[in-house]
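The C-terminal residue of the sequence shown carries number 212 in the numbering used here, and the numbering is unbroken.
C-beta atoms are modelled at their ideal positions from N, C-alpha and C, and glycine is treated no differently.
Owing to the predicted nature of the structure, the values given are computational and were not obtained by experimental measurement.
Following: one structure in structure tokens, then a few remarks.
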Amino acid sequence: MIKDLISDLAYDKINLSQALSRSKLLAYKVNSDNFKEWLRNELEGYEYNNKSLPEYRRINCQMFITHRLPNGQTSSKPVMVAEGANPEFYEEVNYFKVLEPISVIEQQISELKEIGYIQLTAEEAYNISYGDRYHDWVMGGYRKIGKGQFQNIIELTKQKLLDTLLELDNQFPMNLKKQKQIWKSSKHNNEQHLWQQQSFEYCSWTKC
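In structure tokens form, the structure reads like this:
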């Protein structure tokens with residue numbers, strides 16, 4: 005079972021979300037709480053303040069803020085953070101936590117071109133506008149993220165899953181050679197039993 009899953013995942017016979025779903029059965033069989041929790045987070049998504057969020061889901065991005073001009077038009081400009089700024093503010097502007105389930109990320113990749121745009125929430129836009137001298141004119145903003153960054157999340161998650169499956173395969177090996185030996189032994193015992201039964205029937209018939 006593990007070997008089949010490893011092969012299917014390594015040779016792209018199934019997508020990552022399918023591999024994660026199939027791995028749940030293994031996680032419960034080996035009773036690994038860490039593995040079960042990681043699979044649940046990857047399949048259902050992470051909470052924002054989840055301390056176990058993998059580093060590869062924290063991606064660099066460029067944030068833009070949008071102003072409404074007096075003539076009714078809009079203008080967007082990148083948000084610049086001065087050196088020595090509040091670390092939390094710096095983190096909010098320059099990094100983005102990808103919390104979505106793997107299935108959603110896979111869907112986003114199939115729909116994205118080379119660049120994706122993620123709109124700021126009302127709370128994020130308010131926090132950013134507070135430090136802008138034209139904050140009264142701020143109407144929103146967005147993050148600019150490359151498609152390759154989402155693809156990198158998929159690839160690193162895949163490699164982490166493969167590493168885990170390979171470790172499990174080493175810890176709980178289902179040795180093919182041993183399986184064949186068991187099968188041959190069982191077959192031999194059945195044949196021996198059948199031969200003895202036939203010999204007994206023959207002797208009974210001939211009264212040997």
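query                                                                                                                                                                                       : result
So what does DSSP say about Lys148, is it helix, strand or coil?                                                                                                                            : strand
Measure the alpha-carbon distance for Trp141 versus His71 and round it to whole angstroms.                                                                                                  : 5 Å
Since Ser79 sits in a beta bridge, which residues does DSSP pair it with?                                                                                                                   : His71
Per the contact definition of three or more C-beta pairs closer than 8 Å, is the region 93-103 in contact with the region 25-35?                                                            : no
Return the first residue and the last residue of the beta strand (DSSP E) that Arg44 is part of.                                                                                            : Looking at the DSSP string, Arg44 is not in any beta strand (DSSP E); the run it does join, the alpha helix (DSSP H), is Asp37 to Glu48.
When you compare each of Glu41, Leu30 and Glu48 to Ser21 by their alpha carbons, which one comes out closest?                                                                               : Glu48
Measuring straight from C-alpha to C-alpha, what distance separates Tyr50 and Lys7?                                                                                                         : 28 Å
Counting beta carbon pairs with one atom in the region 146-162 and one in the region 107-124, are three or more of them shorter than 8 Å?                                                   : yes
Identify, in the order they occur along the chain, each residue of the same chain with its Cβ nearer than 7 Å to the Cβ of Thr161, setting aside the five sequence neighbours on each side. : Leu20, Glu46 and Ile106
Mind checking Leu29: buried by the 16 CB within 10 Å criterion, or exposed?                                                                                                                 : exposed
Going by DSSP, which residues form a beta bridge with Arg137?                                                                                                                               : None, per the DSSP bridge assignment.
Please determine, among Leu73, Gln77, Gln111 and Ala23, the residue with the shortest C-alpha to C-alpha distance to Lys164.                                                                : Ala23
Here's a check: name, in chain order, each residue in its chain whose Cβ is nearer than 8 Å to the Cβ of Tyr99, leaving out the five neighbours to either side.                             : Arg62, Ile63, Asn64 and Cys65
Using DSSP with H/G/I as helix, E/B as strand and the rest coil, what is Val34?                                                                                                             : coil
Touching or not, the region 38-45 and the region 84-97, by the rule of three or more beta carbon pairs under 8 Å?                                                                           : no
Leaving out the 5 sequence neighbours to the left and right, which residues in its chain are closer than 7 Å to Asn156 when beta-carbon positions are compared?                             : Tyr60
In the DSSP output, which residue or residues are listed as bridge partners for Lys101?                                                                                                     : Arg62
How close, in whole Å, do the beta carbons of Ile10 and Leu170 come, if the pair is a contact with beta carbons under 8 Å?                                                                  : 7 Å
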